[in-house]
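In my numbering, the protein residues as written are 1185 to 1620. Reviewing the structure listed below.
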Ligand code: CMC
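Written as structure tokens, this is what we have:
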């Protein structure tokens, strides 16, 4: 970051001396006012619940222009990555800053591939869960438990440990998600097949059984790979900030990523894909496209508490570029599976059309986000609705780990410790129990 020529001056109406604050420029995007010395200079904190105007870090990984609807990973537009690269190339880009050349791609793919198995003990750990446990409950446990198995990669201050933890997490997430699914379905776990691609192997671990050969469909393999690319990183969102904050205490990478998984679970974040599909199914049960108007009235009624899931975003005030790509993939997958007339897809298109023309959505700049169509694609592939957020976690793991490693390597990194505006009781004394 570069110091700008100008600076900000904070003045006070009560005559306290004004304070000059440095301004820094990034390579693109809004400048930031450096308030690190504000407390020392004024005895005051800033107040910004929800981080609406606060940059908590500098980062060189992902850039979003929310007004334009642009998403860049290390400078490359998401549209180019989704159509010209595969997920592991994208992982290489996010982790190391550059797309791999042919040799580097081979080496990286091989390195990830030879780490796809998990310690055999993991399945006994999994067995402790109820069969009907939510996959995200299982995933928070399983990912945290990795730190109990891979002691040689838990020192966050050791670059070799960080490197191997990154590879292990990327390699093992598909195995863990597929194991969580097989456990709930009561089917035997399928070991990874290293001759397959990253996404092909995931489909194999999910849908193969020991009794029959399973052939990976190239269209579904490509669709899943695209889902992974589109979810791989999204700068300082809630789960990524959670990973950074958790990791800032020096905890091990598996524990920090488990914290990210837990945060992602919420319906305002990664849980929106599951919530969105449930919403579409509810409207379908109510009468489908004919009931869209009625449903929209509920959404617009602030007292109803109903939101149009898969719509709106803190940063995008334009069409989420991932939603456009996901809509394309949706058409491709439904075509491949002969489901062109899928009622939920038709319903989603009808909802989108109405929302994009409705004043409520136009005024608030609410557009479809990545979750609006991803659920329909995953459902068509055969992935159960309750597993959607786990698929998101699988894909986002590389982003979390790239951001965590970037933070540890940043000379300005400190343990994260927000301040507060205290509004509670002043000091008081404890009375004996009989007098309270
Ligand atoms: N349906 C109806 N109204 C909405 C919606 C929605 N989906 N999203 C926002 N609004 C309204 C909101 O009521 C508010 O209206 P008003 O100004 O009259 O009070 C205005 O739009 C601004 O909303 P906000 O809640 O202040 O915005 P935010 O930036 O805090 O929240 C969000 C962003 C994504 C949590 C929110 O848009 C939302 O709840 N969307 C539905 C859940 C969803 O699809 N989440 C996935 C996000 S993308 C994937 C990911 O990053 O995980």
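Glycine included, each C-beta is placed from N, C-alpha and C at the ideal position. Note that the coordinates shown come from a computational prediction; the quantities given were computed from them, not determined experimentally.
**Residue of 1538, 1396, 1348 minimising C-alpha distance to residue 1474** = 1538
**Item:** Closest by C-alpha distance to residue 1257, when choosing among 1420, 1403, 1308
**Value:** 1420
**Asked** Is residue 1375 helix, strand or coil when you go by DSSP?
**Response** coil
**Prompt:** Should the stretch 1428-1437 be called in touch with the stretch 1314-1323, which here means at least 3 C-beta pairs below 8 angstroms?
**Reply:** no
**Prompt:** Can you give the beta carbon distance from residue 1460 to residue 1566, rounded, assuming they're within the 8 angstroms contact cut?
**Reply:** Actually they do not touch by this definition, with Cβ atoms about 18 angstroms apart.
**Request:** Kindly list the residues whose CB is nearer than 7 angstroms to the CB of residue 1510, restricted to its own chain and excluding five residues on each side of it in sequence; keep chain order.
**Result:** 1414, 1554, 1557, 1558, 1561
**Item:** Continuous alpha helix (DSSP H) stretch holding residue 1521: start and end
**Value:** Unbroken run through residue 1521: none, as it is neither H nor E.
**Request:** Using only the heavy atoms of the ligand CMC, determine whether one of them is closer than 7 angstroms to the beta carbon of residue 1550.
**Result:** yes
**Asked** Tell me the DSSP bridge mates of residue 1191?
**Response** 1206
**residue 1426 - DSSP class collapsed to helix/strand/coil** = helix
**Prompt:** Distance, Cα to Cα, residue 1518 vs residue 1529?
**Reply:** 9 angstroms
**Request:** Can you give me the start and stop residues for the beta strand (DSSP E) that residue 1256 sits inside?
**Result:** 1254-1257
**Item:** Under the three-state DSSP convention, the category residue 1215 falls into
**Value:** coil
**Message:** By the three-class DSSP mapping on this structure, what secondary structure does residue 1229 have?
**Reply:** coil
**Asked** To the nearest angstrom, how far is it from the Cα of residue 1289 to the Cα of residue 1268?
**Response** 14 angstroms
**Request:** Could you name each continuous alpha helix (DSSP H) segment of 4 residues or more that falls completely within the stretch 1532-1584, going from the start of the chain to the end?
**Result:** 1543-1547, 1555-1565
**Prompt:** Out of curiosity, what's the CA-to-CA distance linking residue 1427 and residue 1588?
**Reply:** 7 angstroms
**Asked** Would residue 1494 pass as a contact of residue 1573 if the rule is Cβ separation under 8 angstroms?
**Response** no
**Prompt:** In terms of residue numbering, what span does the beta strand (DSSP E) encompassing residue 1247 cover?
**Reply:** 1246-1249
**Request:** Provide the residue span of the alpha helix (DSSP H) that contains residue 1463, from first to last.
**Result:** 1456-1470
**Message:** Once DSSP output is grouped into helix, strand and coil, what is the label at residue 1419?
**Reply:** coil
**Request:** Check whether the Cβ of residue 1495 lies closer than 7 angstroms to any heavy atom of the ligand CMC, and answer yes or no.
**Result:** yes
**Prompt:** Quick one: Cα of residue 1360 to Cα of residue 1439, how far?
**Reply:** 15 angstroms
**Message:** Between 1215, 1577, 1515, 1326, which has its C-alpha nearest residue 1564's C-alpha?
**Reply:** 1515
**Message:** Quick check: the stretch 1371-1378 against the stretch 1298-1314, are at least 3 beta-carbon pairs closer than 8 angstroms?
**Reply:** yes
**Message:** Could you check if residue 1540 belongs to the surroundings of the ligand SAH, using beta carbon to heavy atom distance under 7 angstroms?
**Reply:** This structure lacks the ligand SAH; its bound ligands are the ligand CMC.
**Item:** Expected contact under 8 angstroms - CB spacing of residue 1218 and residue 1206 to nearest Å
**Value:** 5 angstroms
**Prompt:** Taking the alpha-carbon positions, what's the residue 1341 to residue 1526 distance?
**Reply:** 50 angstroms
**Prompt:** How is the alpha helix (DSSP H) around residue 1275 delimited, first residue to last?
**Reply:** 1271-1280
**Request:** Check whether the Cβ of residue 1555 sits closer than 7 angstroms to any heavy atom of the ligand CMC, and report yes or no.
**Result:** yes
**Asked** Do you know offhand how far residue 1186's Cα is from residue 1347's?
**Response** 29 angstroms
**Message:** Can you give me the C-alpha to C-alpha distance between residue 1551 and residue 1492, rounded to a whole angstrom?
**Reply:** 10 angstroms
**Message:** Could you check if residue 1454 belongs to the surroundings of the ligand CMC, using beta carbon to heavy atom distance under 7 angstroms?
**Reply:** yes
**Message:** Taking a contact to mean a Cβ-Cβ separation below 8 angstroms, would you say residue 1501 touches residue 1250 in this structure?
**Reply:** yes
**Item:** residue 1443 versus residue 1330 - alpha carbon distance
**Value:** 13 angstroms
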